[in-house]
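Number of protein chains: 2
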Amino acid sequence: MATDHPAVEVLSARDRILHTAHDLFYCDGIRATGIDRVIAESGVAKLTFYRHFPSKNDLVRAYLDFRHRRWMAWFADTLARHGGGPDALVPALGEWLRDPDYRGCAFINTVGELAGSFPEVIEIARAHKAEVTAAIAAVLPASRKRAGQAQAIALAIDGAIVRAQYDETPEAALEALARIVKALLKA
Amino acid sequence: MATDHPAVEVLSARDRILHTAHDLFYCDGIRATGIDRVIAESGVAKLTFYRHFPSKNDLVRAYLDFRHRRWMAWFADTLARHGGGPDALVPALGEWLRDPDYRGCAFINTVGELAGSFPEVIEIARAHKAEVTAAIAAVLPASRKRAGQAQAIALAIDGAIVRAQYDETPEAALEALARIVKALLKA
DNA sequence: ATGGGGGTAGACAGACCTGTCTACCTGAGC
DNA sequence: GCTCAGGTAGACAGGTCTGTCTACCCCCAT
Chain D
1 MATDHPAVEV LSARDRILHT AHDLFYCDGI RATGIDRVIA ESGVAKLTFY
51 RHFPSKNDLV RAYLDFRHRR WMAWFADTLA RHGGGPDALV PALGEWLRDP
101 DYRGCAFINT VGELAGSFPE VIEIARAHKA EVTAAIAAVL PASRKRAGQA
151 QAIALAIDGA IVRAQYDETP EAALEALARI VKALLKA
Chain C
188 MATDHPAVEV LSARDRILHT AHDLFYCDGI RATGIDRVIA ESGVAKLTFY
238 RHFPSKNDLV RAYLDFRHRR WMAWFADTLA RHGGGPDALV PALGEWLRDP
288 DYRGCAFINT VGELAGSFPE VIEIARAHKA EVTAAIAAVL PASRKRAGQA
338 QAIALAIDGA IVRAQYDETP EAALEALARI VKALLKA
């Protein structure tokens, strides 16, 4: 998930805010990150910030949208790099889970944090996961069971994502995930 | 997960605080719940609160410990009610995921919310999940593969827990979980 | 009967939160 | 040359957060 962006100076104010917010929200959590900090670290004036994002919730929406695009592109690319078949799934995920900046799934974390006060994030997460499931289905062999298999693998991936967040290393999660994928595709 | 407690009046101040904090933390999130609200809703004086829990993090620790005991007891009981074998797993989980007050796993949510500022919750979550995995292993048939199967099922359960949090109903998650459990135990 | 442990009520400090507002600057297009 | 869109800097309001502190009270065991 290391996606290099162009040097900060060439980005528009809006993009600088969005990149900064992404990094802070993903790493520290949304509630833990004050608007003031986003403003300070993106090197923008307060008025400029509020012109682009009238409220913090607008920024949260933009953050999740940005994250969604970036993650889907990374996922498609990484699956392709690993051959684009069913065997690409676990190694591709492994790259992410082993990233030192890994902090879990932005959507799962945001739902856990904000669903109570900002329920719209639930729908956003559901839409994201539906696209992930479709991307998984696309690498599975065509068969009557493909949709069900993709659902089950997507669920197991969510489990691996969460487990890698509190285990000391992601290896056990990857091993369990591999076992599940293998059992599902054999059945 | 509906565990009825004795009438509020007979509880000690500490227990009243703990029950109130549990309900608010679990339902609304920890950061979203101010100490003042816990104090007001548990009907206790501020000084009393701070005598029992010198800081909010102490309350968080107590909340997770309380939740852990309550959940493990509920899980053991519910597995037993469903026959205590491998086939008890999905129906037992189903009872939880279908509970109208269901809001996901307290430990997963807390890690997502607080890991950045209070890393101790990661260890607490890991210890909780290790006990859950042991409880799962206890209902599986003895075999060379039992430990690995229990790990994989525990991971799939985490996935189902998360998925049921953002899906409109938990049924798809339960179906996918059942498919995974079946495939793993056949293999 | 009296001393003290544990409780109540609530003011207060100081930090941080989101969001508004004023005043000024700069550079590109007309 | 002037206008104006879009930027900067930062004071300010009003709320909420955690945590401290004073002052009082009540019940029970010594």
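As you go down the protein sequences, you meet chains D and C in turn.
Okay, so the first sequence: first residue is 1 according to the numbering used here, each after it adds one.
Okay, so the second sequence: first residue is 188 according to the numbering used here, each after it adds one.
The beta-carbon is built from N, C-alpha and C at its ideal position, and this holds for glycine as well.
| Item | Value |
| --- | --- |
| Contacting residues, own chain, Cβ-Cβ under 6 Å from threonine 110 of chain D (five flanking each side not counted) | Val121 |
| Contact residues within the region 170 to 184 of chain D, judged by C-beta distance below 8 Å to chain C | Ala172, Ala173, Glu175, Ala176, Leu177, Arg179, Ile180, Lys182, Ala183, Leu184 |
| Buried or exposed by the 16-neighbour rule on C-beta atoms within 10 Å, applied to alanine 40 of chain D | exposed |
| Helix, strand or coil at histidine 82 of chain D [DSSP, three-state] | coil |
| Residues, ordered as in the chain, of the region 286 to 310 of chain C that lie near chain D by beta-carbon distance below 7 Å | Gly291, Ile295, Asn296, Val298, Gly299, Glu300, Gly303, Ser304, Ile309 |
| Per-residue contacts from glycine 335 of chain C into chain D (C-beta, under 9 Å) | Glu175, Ala176, Arg179 |
| 8 Å CB neighbourhood of alanine 359 of chain C in its chain, flanking five on each side removed | Arg350 |
| Residue environment, alanine 115 of chain D, which counts as buried when at least 16 other CB atoms sit within 10 Å | buried |
| C-beta atoms of glycine 291 of chain C and glycine 112 of chain D nearer than 8 Å | yes |
| Extent of the continuous alpha helix (DSSP H) to which phenylalanine 294 of chain C belongs | 293 to 301 |
| Near-chain D residues of the region 254 to 282 of chain C (beta-carbon distance less than 9 Å), N- to C-terminal order | none |
| Members of the region 344 to 356 of chain C near chain D, C-beta cut-off 9 Å | Ile344, Asp345, Gly346, Ala347, Ile348, Val349, Arg350, Gln352, Tyr353, Asp354, Glu355 |
| Status (buried if at least 16 other CB within 10 Å, exposed otherwise) for histidine 69 of chain D | Here the sequence assigns arginine to residue 69 of chain D, which means histidine is not the residue at that position. Per the 10 Å Cβ criterion, exposed. |
| Cβ pair alanine 147 of chain D, alanine 137 of chain D closer than 8 Å | yes |
| Boundaries (first-last residue) of the alpha helix (DSSP H) holding phenylalanine 49 of chain D | 46 to 52 |
| C-alpha gap between alanine 337 of chain C and leucine 327 of chain C, whole angstroms | 8 Å |
| Whole alpha helix (DSSP H) elements within the region 326 to 358 of chain C, 4-residue minimum | 333 to 353 |
| Neighbour-count burial assignment, proline 170 of chain D, 16 or more Cβ in a 10 Å radius | buried |
| Neighbour flag for arginine 394 of chain C against chain D, beta carbons, 8 Å | Outside the shown range of chain C (188 to 374) lies residue 394 of chain C, about which nothing can therefore be said. |
| Among D:Tyr63, D:Arg144, D:Lys186, D:Ala176, the one whose alpha carbon lies nearest that of glycine 189 of chain D | Any question about residue 189 of chain D goes unanswered here, given that chain D covers just 1 to 187. |
| Integer Cβ distance of histidine 239 of chain C from arginine 201 of chain C, believed to fall under 8 Å | 5 Å |
| DSSP three-state assignment for tyrosine 102 of chain D, whether helix, strand or coil | coil |
| Partner residues on chain D for alanine 149 of chain C, Cβ-Cβ distance less than 7 Å | Absent from the structure is residue 149 of chain C, since the part of chain C shown begins at 188 and ends at 374. |
| Residue closest to threonine 320 of chain C, alpha-carbon to alpha-carbon, out of C:Asp286, C:Leu361, C:Leu276, C:Gln352 | C:Leu276 |
| Coarse secondary structure for leucine 184 of chain D, derived from DSSP in three states | helix |
| For phenylalanine 253 of chain C and lysine 182 of chain D, the rounded distance between their alpha carbons | 37 Å |
| Short-range partners of chain D found in the region 197 to 229 of chain C, where Cβ spacing is below 8 Å | Cys214, Asp215, Gly216, Arg218, Ala219 |
| Selection of the region 44 to 56 of chain D by Cβ proximity to chain C, strictly under 9 Å | none |
| For threonine 20 of chain D, three-class secondary structure by DSSP | helix |
| Local Cβ density within 10 Å of arginine 366 of chain C, reported as buried at 16 or more and exposed below that | buried |
| Within-8 Å CB hit, alanine 62 of chain D to chain C | no |
| Given leucine 93 of chain D as reference, the closest of D:Leu185, D:Ile124, D:Glu175 once Cα atoms are compared | D:Glu175 |
| Contact list for alanine 152 of chain D against chain C, beta-carbon separation under 7 Å | Ala363, Arg366, Ile367 |
| Selected residue, minimal CA-CA separation from alanine 21 of chain D, among D:Leu177, D:Ala135, D:Val60 | D:Val60 |
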